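Everything below concerns the one structure shown next.
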Amino acid sequence: MPKIPTKVSVIISIVFSVLLFAFSAAAAFMIPAIAEIAISTRNSVFPDAMLGSSESVWVIILLYIALIVIAASDVLMFFLLIRVRKGLVFTDLSVALLRHVAWGCFALSAVACAMAVFFRMSLVVAFLAAFLGFCLRVFKNAVEEAAEIKSENDLTV
Amino acid sequence: MIVINLDVMMAKRKMSLNELSEKVGITVANLSVLKNNKAKAVRFSTLDAICSALDCRVEDILEYVGGDKQ
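Taken in order, these protein sequences are the chains called A and B.
Each residue of the first sequence is one higher than the one before, starting from 20 at the first, in this note's numbering.
Each residue of the second sequence is one higher than the one before, starting from 1234 at the first, in this note's numbering.
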């Protein structure tokens, strides 16, 4: 597969970020329907432990919290991609953006853990989100070190 | 910490930053970074060029100031 030029790759990432945000905005209107489908599917599989209307409210709330976290993280990644495009990658602000996105992943993991009360499979989502947050934290540490090295290099006369 | 006494030597030699920049071959911006103690490292080649331009020794430019003297 041919290598995509860096600038084109960044633009592709920016487009994906915008599309993800648009999808998140559309999903905000579909969450009640999604929750209803998920609950009815679960009730058909586990008829002995059916979820009622009060539980469905909690499912909808948790889904909206997850969507807000995803949308906020997407906005932060969009700002980070803009900085990448300007050549301002190894800076303190980029490190801060990565840190916040990593914490967003951990928050998503916590929401998925809460969702596990109703849907056991969401524990898989919780684990994946926590792992992604961990990967982002390691990457943040690497960028932080690179920022320090760049700063020292820039201020070498 | 290391203190840069570049402005002292420039005043003694009556040399402006622009003149020193032309003689040393470093931009005025980088010399300002050095003069204002913002630099994190200095190349030997830069020190060599500055001492040559200002006709001075390294210790005239660089001074170690210990913690108790700050």
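Glycine included, each C-beta is placed from N, C-alpha and C at the ideal position.
Keep in mind the model is a prediction, meaning the values are calculated, not measured.
- Annotation: Cβ neighbours of B/ARG1276 in chain A (cutoff 8 Å, chain order): THR175, VAL176.
- Interface annotation for the region 1247 to 1275 of chain B against chain A: ILE1259, ASN1263, VAL1266, LEU1267, LYS1271, ALA1272, LYS1273, ALA1274, VAL1275, criterion Cβ-Cβ distance under 7 Å.
- The DSSP-derived three-state label of B/VAL1275 is coil.
- Pairing A/ALA135 with A/ASN160, the inter-Cα distance amounts to about 31 Å.
- For B/VAL1236, the uninterrupted beta strand (DSSP E) run begins and ends at 1235 to 1237, by DSSP.
- Chain B has a Cβ within less than 8 Å of the Cβ of A/GLU171.
- Leaving aside the five residues that flank A/LEU107 on each side, the residues in its chain whose CB is nearer than 8 Å to its CB run, in chain order, SER113.
- Here A/THR175 is bridged, per DSSP, to B/ALA1274.
- It is roughly 18 Å from the alpha-carbon of B/LYS1247 to the alpha-carbon of B/VAL1291.
- Spanning the alpha carbons of A/LEU116 and A/ILE87 requires a straight line of approximately 17 Å.
- Beta-bridge annotation (DSSP): B/TYR1297 is paired with B/ILE1235.
- If you look at A/GLY123, you'll find it in the alpha helix (DSSP H) that goes 111 to 134.
- In the three-state reduction of the DSSP assignment, A/GLY71 falls in the coil class, being assigned neither a helical nor a strand state.
- Distance from the CA of A/SER32 to the CA of B/VAL1236, rounded to the nearest whole angstrom, comes to 46 Å.
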